[in-house]
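Structure record follows, encoded as structure tokens.
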Amino acid sequence: MTSLPSMPELAIRLRSVVKHYGRIHAVDGFDLDVAEGTCVGLLGPNGAGKSTTMKMLTAQVIADSGEIEVLGHRLPGDSKAARAEMGVCPQLDNLDTSLTVQQNLLVFTYLYRLGRAERKPAIERALQVANLVDRRDAKVEEISGGMRRRLLIARALVHRPRLLLLDEPTVGLDPQVRQELWALIDALRNDGTSILMSTHYIEEAERLADTVTIMARGRAVATGKPAHLVTEHAGREVLEVYGPPARLAEVEASAAAEGVRTRRTGTSVAMLGVEGRNGDLPQGERRTTTLEDVFVLLTGEEVR
Amino acid sequence: MSDVARRPELARSGGRIGSSRRGARVGRLDWAALQGVLIREVVNFSSYWRGTSFSSTMEPTVYLLAFGFGFGSIVSQIGGYDYVDFVGTGTVATAVLFSAAFPAMFGTFVKATFQHTYDAILSAPVDTEEIVTAEALWIATRAGTFGCVPLLVAIVFGLDPAFGMLLVPFIAFVSGFGWACFGIMISGLMKGIENFSYVTSGVLTPLMLTAGTFFPLTNLPQGVQILGNLNPLHHCVELVRHAAFGWELWPDLAHVGALLAFGVVTWRIAVWALTRKLIT
Chain A
161 MTSLPSMPEL
171 AIRLRSVVKH
181 YGRIHAVDGF
191 DLDVAEGTCV
201 GLLGPNGAGK
211 STTMKMLTAQ
221 VIADSGEIEV
231 LGHRLPGDSK
241 AARAEMGVCP
251 QLDNLDTSLT
261 VQQNLLVFTY
271 LYRLGRAERK
281 PAIERALQVA
291 NLVDRRDAKV
301 EEISGGMRRR
311 LLIARALVHR
321 PRLLLLDEPT
331 VGLDPQVRQE
341 LWALIDALRN
351 DGTSILMSTH
361 YIEEAERLAD
371 TVTIMARGRA
381 VATGKPAHLV
391 TEHAGREVLE
401 VYGPPARLAE
411 VEASAAAEGV
421 RTRRTGTSVA
431 MLGVEGRNGD
441 LPQGERRTTT
451 LEDVFVLLTG
461 EEVR
Chain B
579 MSDVARRPEL
589 ARSGGRIGSS
599 RRGARVGRLD
609 WAALQGVLIR
619 EVVNFSSYWR
629 GTSFSSTMEP
639 TVYLLAFGFG
649 FGSIVSQIGG
659 YDYVDFVGTG
669 TVATAVLFSA
679 AFPAMFGTFV
689 KATFQHTYDA
699 ILSAPVDTEE
709 IVTAEALWIA
719 TRAGTFGCVP
729 LLVAIVFGLD
739 PAFGMLLVPF
749 IAFVSGFGWA
759 CFGIMISGLM
769 KGIENFSYVT
779 SGVLTPLMLT
789 AGTFFPLTNL
799 PQGVQILGNL
809 NPLHHCVELV
819 RHAAFGWELW
829 PDLAHVGALL
839 AFGVVTWRIA
849 VWALTRKLIT
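From first to last, the protein sequence lines stand for chains A and B. So the first sequence is numbered by my numbering: it starts at 161 and just counts up by one. So the second sequence is numbered by my numbering: it starts at 579 and just counts up by one.
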């Protein structure tokens with residue numbers, strides 16, 4: 161007799177969540193699952209409702225309707241118990257800038273209710289995770305933007321949360337610092353921490369997320385593993401056709417007539433799902449379809 | 579490289595919701611949450627205490643010296659007291675106002691709007707009610723300390739010490755709690771920091787000048803005296819004077835009751851106003 165496969169537990173479960181601000185539907189019937197131990201990327205253009213969703217998970221924004229459960233706690237009623245078990249790295253840097261790196265962590269060992277004996281080891285661990293051991297006595301206003309961002313993540317991890325919310329964790333950082341943070345986030349995920357990460361950097365989601373939910377106008381427009389989303393929505397190959405604007409318009413028109421989907425990329429027209437087609441296509445460069453193609457296709461950004 | 583590739587069971591969704599492993603015990607007005615907010619304030623205070631202490635002690639001392647000696651040169655006695663003693667006891671209320679209402683108004687607004695400090699705190703297991711309560715307790719503690727400065731200055735200039743004065747820190751604390759909550763309430767209600775001048779000029783300065791600090795209200799028309807009883811600073815002034823010069827049982831109990839009521843009412847409104855600002 162075989163036992164049933166065990167169902168994964170969900171760190172986050174959202175069903176039909178709605179949040180209006182006056183006439184603006186910030187979140188409009190949004191569903192989301194984050195299985196425990198996975199990293200889910202919440203991908204969407206600015207104004208898609210990502211930040212509002214993140215704030216609903218800490219009950220700083222209260223949904224008008226729908227169900228929200230975080231680590232088994234129903235929100236907003238049990239949000240405090242949920243917050244005790246999760247860490248949040250906000251989009252806006254809200255460190256205490258006149259305090260030292262270590263003092264910022266110390267404050268959060270209290271806010272996260274660590275016992276007296278746990279505080280010192282927790283601070284040491286967080287300093288190591290964030291690679292800030294040497295800068296522990298530096299004031300936050302004296303350290304670089306990348307270090308501040310690492311400190312924000314370390315602060316969110318000081319109590320070893322089961323769930324980490326990362327709201328645009330690498331926005332505004334240079335590529336090298338971004339890659340450092342990716343390594344840090346990847347290590348956390350490998351340790352079994354559940355992660356929900358909102359981002360509008362496609363590469364970030366592609367590299368770090370087990371599954372991606374693409375959000376547009378307050379709704380989930382697609383959910384799945386990055387590679388599956390690509391083949392499902394935009395095919396395997398893309399043909400980039402370059403040329404002057406008039407030529408691009410011509411290519412778009414003929415593609416539309418043949419039922420081939422296109423997107424403008426600024427300097428070119430990308431013809432999607434062209435695998436297996438050769439002779440009838442205009443001259444161009446073939447490349448593999450990316451998540452960016454899917455993103456643009458589904459969110460309507462830049463699409464004609 | 580995906581984690582799911584190594585742990586396929588994680589890829590499935592639609593499963594059941596997990597139950598809390600740690601089962602954190604959280605309730606309303608938790609001591610742990612209050613302690614967390616207080617620790618943050620105390621650690622931060624270590625970086626700015628000089629400026630705050632300077633302004634909180636300097637301003638009322640200047641009032642005391644200017645009125646006590648400037649005005650005192652033409653009015654030596656008032657209501658049976660030396661004028662310096664009269665003003666020295668009265669400016670305790672002024673010191674409480676300066677060290678409670680202003681830091682609460684500006685500090686709360688800056689933390690809510692510019693530094694996003696409360697976003698960080700509210701991500702932890704802390705609610706707005708705990709933020710308001712802890713910050714008001716901390717500011718009240720400071721007001722309880724700074725409030726004594728004018729009294730000490732007045733003692734240097736000849737005010738006789740009395741055992742009753744040992745209660746002045748507590749009077750200043752209770753009064754300071756109310757003014758801290760008043761300040762938090764204003765910062766919660768106002769959309770811009772520039773609107774604070776309406777409160778400073780339209781409410782706080784008139785209340786400060788009609789509290790009985792610099793001149794007794796007893797010689798004023800009865801209507802003004804009744805209005806004076808609605809001024810929380812007046813109750814603080816009276817209690818401190820009685821602590822220095824002799825208690826009056828029933829009136830003093832009434833003053834204590836008025837300060838407690840002021841504290842409770844402003845506390846509840848402050849919680850409501852800041853919640854409205856922070857939770858949308």
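Idealized CB from N, CA, C, for every residue including glycine. In this text, all values refer to a predicted model and were calculated from it rather than measured experimentally.
Beta-carbon contacts of residue i that lie in its chain and below 7 Å, excluding the five residues immediately before and after
| i | result |
| --- | --- |
| residue 782 of chain B | 675 and 679 |
| residue 197 of chain A | 352 and 354 |
Reduced DSSP category for residue i - H, G, I as helix; E, B as strand; rest coil
| i | result |
| --- | --- |
| residue 602 of chain B | Low local confidence applies: a pLDDT of 48 at residue 602 of chain B is under 50, so the model's placement there is unreliable, and no value is given. |
| residue 319 of chain A | coil |
| residue 737 of chain B | coil |
| residue 224 of chain A | coil |
| residue 813 of chain B | helix |
| residue 304 of chain A | coil |
| residue 667 of chain B | helix |
| residue 446 of chain A | strand |
| residue 608 of chain B | coil |
| residue 186 of chain A | strand |
| residue 423 of chain A | strand |
| residue 833 of chain B | helix |
| residue 391 of chain A | helix |
CB contact flag (residue i, residue j, <8 Å)
| i | j | result |
| --- | --- | --- |
| residue 823 of chain B | residue 665 of chain B | no |
| residue 434 of chain A | residue 397 of chain A | yes |
| residue 803 of chain B | residue 811 of chain B | no |
| residue 329 of chain A | residue 341 of chain A | yes |
| residue 357 of chain A | residue 399 of chain A | no |
| residue 195 of chain A | residue 231 of chain A | no |
| residue 818 of chain B | residue 749 of chain B | yes |
| residue 717 of chain B | residue 681 of chain B | yes |
| residue 209 of chain A | residue 378 of chain A | yes |
| residue 217 of chain A | residue 368 of chain A | no |
| residue 789 of chain B | residue 807 of chain B | no |
| residue 720 of chain B | residue 677 of chain B | yes |
| residue 315 of chain A | residue 265 of chain A | yes |
| residue 412 of chain A | residue 427 of chain A | no |
| residue 300 of chain A | residue 331 of chain A | no |
| residue 178 of chain A | residue 225 of chain A | yes |
| residue 742 of chain B | residue 627 of chain B | no |
Straight-line Cα distance separating residue j from residue i
| i | j | result |
| --- | --- | --- |
| residue 187 of chain A | residue 858 of chain B | 13 Å |
| residue 552 of chain B | residue 739 of chain B | With chain B covering 579 to 858 only, the question about residue 552 of chain B has no answer from this structure. |
| residue 712 of chain B | residue 221 of chain A | 23 Å |
| residue 849 of chain B | residue 203 of chain A | 35 Å |
| residue 609 of chain B | residue 703 of chain B | 12 Å |
| residue 855 of chain B | residue 248 of chain A | 20 Å |
| residue 386 of chain A | residue 459 of chain A | 15 Å |
| residue 278 of chain A | residue 346 of chain A | 25 Å |
| residue 799 of chain B | residue 707 of chain B | 41 Å |
| residue 766 of chain B | residue 606 of chain B | 21 Å |
| residue 394 of chain A | residue 362 of chain A | 15 Å |
| residue 242 of chain A | residue 180 of chain A | 24 Å |
| residue 619 of chain B | residue 845 of chain B | 18 Å |
| residue 774 of chain B | residue 636 of chain B | 22 Å |
| residue 785 of chain B | residue 777 of chain B | 11 Å |
| residue 366 of chain A | residue 451 of chain A | 7 Å |
| residue 302 of chain A | residue 256 of chain A | 12 Å |
| residue 272 of chain A | residue 658 of chain B | 56 Å |
| residue 621 of chain B | residue 671 of chain B | 27 Å |
| residue 833 of chain B | residue 814 of chain B | 7 Å |
| residue 327 of chain A | residue 349 of chain A | 16 Å |
Cutoff 6 Å; reference residue i; Cβ partners in own chain excluding five residues on either side
| i | result |
| --- | --- |
| residue 685 of chain B | none |
| residue 600 of chain B | The predicted model places residue 600 of chain B with a pLDDT of 46, which falls under 50 and marks its position as unreliable; any figure quoted below should be read in that light. None. |
| residue 447 of chain A | 398 |
| residue 602 of chain B | Note that residue 602 of chain B scores a pLDDT of 48, beneath 50, so its modelled location is shaky and nothing firm can be said. |
| residue 839 of chain B | none |
Residue i: CB within 7 Å of a non-hydrogen atom of the ligand ADP
| i | result |
| --- | --- |
| residue 417 of chain A | For the structure depicted, the ligand ADP is absent and the ligand set is empty, with no information on it obtainable. |
Residues near residue i by beta carbon distance below 8 Å, same chain, minus five either side
| i | result |
| --- | --- |
| residue 689 of chain B | 695 and 696 |
field: Residues of the region 707 to 736 of chain B whose Cβ lies closer than 8 Å to any Cβ of chain A, in chain order
entry: For the region 707 to 736 of chain B, the set of positions with a beta-carbon nearer than 8 Å to some beta-carbon of chain A is empty.
- prompt: Taking a cut of 7 Å between CB atoms, which residues from the region 239 to 265 of chain A lie near chain B?
  reply: Of all residues in the region 239 to 265 of chain A, 240, 241, 243, 244, 245, 248, 250, 252, 254, 256, 258, 259 and 263 have a Cβ within less than 7 Å of some Cβ in chain B.
field: Positions along the region 606 to 622 of chain B whose CB lies within less than 8 Å of some CB in chain A
entry: The residues in question are 610, 611, 613, 614, 615, 617, 618, 621 and 622.
- request: Could you run through the region 350 to 362 of chain A and flag, in chain order, every residue whose CB is less than 8 Å away from some CB of chain B?
  value: Within the region 350 to 362 of chain A, the residues whose Cβ lies closer than 8 Å to some Cβ of chain B are 350, listed in chain order.
task: Taking a Cβ distance cut-off of 8 Å, strictly less, list which residues of the region 693 to 707 of chain B are near chain A, in chain order.
output: Residues of the region 693 to 707 of chain B that bring their beta carbon within less than 8 Å of a beta carbon in chain A comprise 693, 694, 695, 697, 698, 699, 700, 701, 702, 703, 704 and 705, in sequence order.
Where the region 313 to 335 of chain A meets chain B: residues whose CB sits under 9 Å from a CB there: Hits within the stretch, in order: 315, 316, 319, 322 and 325.
message: If the cut-off is 8 Å on Cβ atoms, which residues from the region 266 to 278 of chain A count as contacting chain B, listed in chain order?
response: Under the 8 Å Cβ criterion, the region 266 to 278 of chain A contributes 266, 267, 268, 270, 271, 272 and 273.
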